[in-house]
Amino acid sequence: MLDIDKKEVLRYLGYKQNPDEKTDSLIDLCINEISLAASPKTVYAVFDIHGESLENTVFTLCGNDIKNHLLGCSKCVLMAATLGGEVERKIAQAQVSDMAKALILDAVATAAIESVCDNLCVEIEKEIAPLKLTTRFSPGYGDFPLEMQRDLISVLDASRKIGLTLTPENIMIPRKSVTAVMGITEKERVPTACGTCNLKDTCTYRKEGITCE
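Note that my numbering has the sequence shown beginning at 4, numbered continuously upward.
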């Protein structure tokens, strides 16, 4: 079941106060349409960390930021999640005739895939208890190369298992998808440092004194 938080949708749309009645109704409509169109799928696996590599894989921990994120962790989780292709088609159709609706559908889908990832993390933590997960760290964050998407998807066999593929530019298809690395730790999870984010200089959340966590 999809759990789409309307407050998160409004946050992605940039609303700092309640929208007008017409927009509010359109948001409710879009939430319903995405809920019906989505076919959430996830896949993950746990790996031992050996230096800069994950045991028995081609996946390497490139860059200082991912190493710092996993500092103190002897194991990590690779994960991938997607809402499926029908959500992409729904947004693309709206872009032809109603850009306002398309923007809202896109925000709803973003909130939806984040919710799918959050729920997956809760389930993983139940399985590894009393250990904890760090926050998610995705290829493209900081100096962790976007190109690592390809190896991550390959290691998880995500193309076959959940239908997640990449363009030659390493853009995920379906677009409303997430790949990430999470450390397994004895400590409580801590927010990812804003300093490693490529959007830190333009982030609207930081300007408001909050984070995307």
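Beta carbons: idealized from backbone N, C-alpha and C, even for Gly. Nothing here was measured: the structure is a model prediction, and the numbers come from that model.
Exercise. To which residues of the same chain is Leu-155 closer than 6 Å at the C-beta, ignoring the five residues directly before and after it?
Worked result: As a first step, residue 155 must be located in the sequence shown, where it is residue number 152. The residues are Leu-81 and Thr-182.
Problem set entry | Sufficient close CB pairs (3 or more, under 8 Å) joining the stretch 114-124 to the stretch 5-13 | Yes, they touch.
Exercise. Among the residues of its own chain, which have a CB less than 7 Å from the CB of Glu-58, if the five just before and after it don't count?
Worked result: Numbered from 1 along the sequence shown, position 55 holds the residue referred to as residue 58. Close CB contacts of Glu-58 within its chain, under the 7 Å cut and outside five residues either way in sequence, are with Phe-50 and Asp-51 (chain order).
Exercise. Cα separation between Arg-163 and Val-46?
Worked result: Numbered from its first residue, the sequence shown carries residue 163 at position 160. Numbered from its first residue, the sequence shown carries residue 46 at position 43. In a straight line, the C-alpha of Arg-163 is about 11 Å away from that of Val-46.
Exercise. What residue does the beta strand (DSSP E) around Thr-60 start on, and which one ends it?
Worked result: Walking along the sequence shown from the start, residue 60 turns up at place 57. Careful: Thr-60 lies outside any beta strand (DSSP E) and carries neither H nor E.
Exercise. Which residues in the same chain have their Cβ closer than 8 Å to the Cβ of Glu-150, if we skip the five residues on either side of it in sequence?
Worked result: Along the sequence shown, read from residue 1 onward, the residue named residue 150 stands at position 147. So the list reads Pro-142 and Asn-173, once near-sequence residues are dropped.
Exercise. With C-beta atoms as the reference, is Ala-41 less than 8 Å away from Ala-115?
Worked result: What you label residue 41 is simply residue 38 of the sequence shown in a count that begins at 1. What you label residue 115 is simply residue 112 of the sequence shown in a count that begins at 1. In terms of Cβ geometry, Ala-41 and Ala-115 form a close pair [threshold 8 Å].
For this session: If I'm right that Thr-170 touches His-72 with Cβ under 8 Å, what's the distance once you round it to whole angstroms?
Result: Taking the first residue of the sequence shown as position 1, residue 170 is located at position 167. Taking the first residue of the sequence shown as position 1, residue 72 is located at position 69. Actually they are not in contact, since the Cβ atoms of Thr-170 and His-72 sit about 26 Å apart, beyond 8 Å.
For this session: Determine, using beta carbons only, whether Glu-36 and Lys-93 come nearer to each other than 8 Å.
Result: Start at 1 with the first residue of the sequence shown, and residue 36 comes out as number 33. Start at 1 with the first residue of the sequence shown, and residue 93 comes out as number 90. Lys-93 sits close to Glu-36, with the two beta carbons spaced by under 8 Å.
Problem set entry | Leu-29 and Ile-107 closer than 8 Å at C-beta | The residue labelled residue 29 in the question sits at position 26 within the sequence shown. The residue labelled residue 107 in the question sits at position 104 within the sequence shown. Less than 8 Å divides the Cβ of Leu-29 from the Cβ of Ile-107.
Exercise. Under three-state DSSP, which class holds Ala-115?
Worked result: Here residue 115 corresponds to residue number 112 of the sequence shown, with the count starting at 1. It is helical.
For this session: Go through the stretch 132-178 residue by residue and report every complete run of the alpha helix (DSSP H) that reaches 4 residues or more, in order.
Result: Whole alpha helix (DSSP H) segments, 4+ residues: 151-159 and 161-165.
For this session: Using a threshold of 8 Å, state whether the C-beta atoms of Thr-113 and Lys-44 are closer than that.
Result: On the sequence shown, residue 113 is found 110 positions in, with the first residue counted as 1. On the sequence shown, residue 44 is found 41 positions in, with the first residue counted as 1. Result no, Cβ atoms of Thr-113 and Lys-44 do not sit closer than 8 Å.
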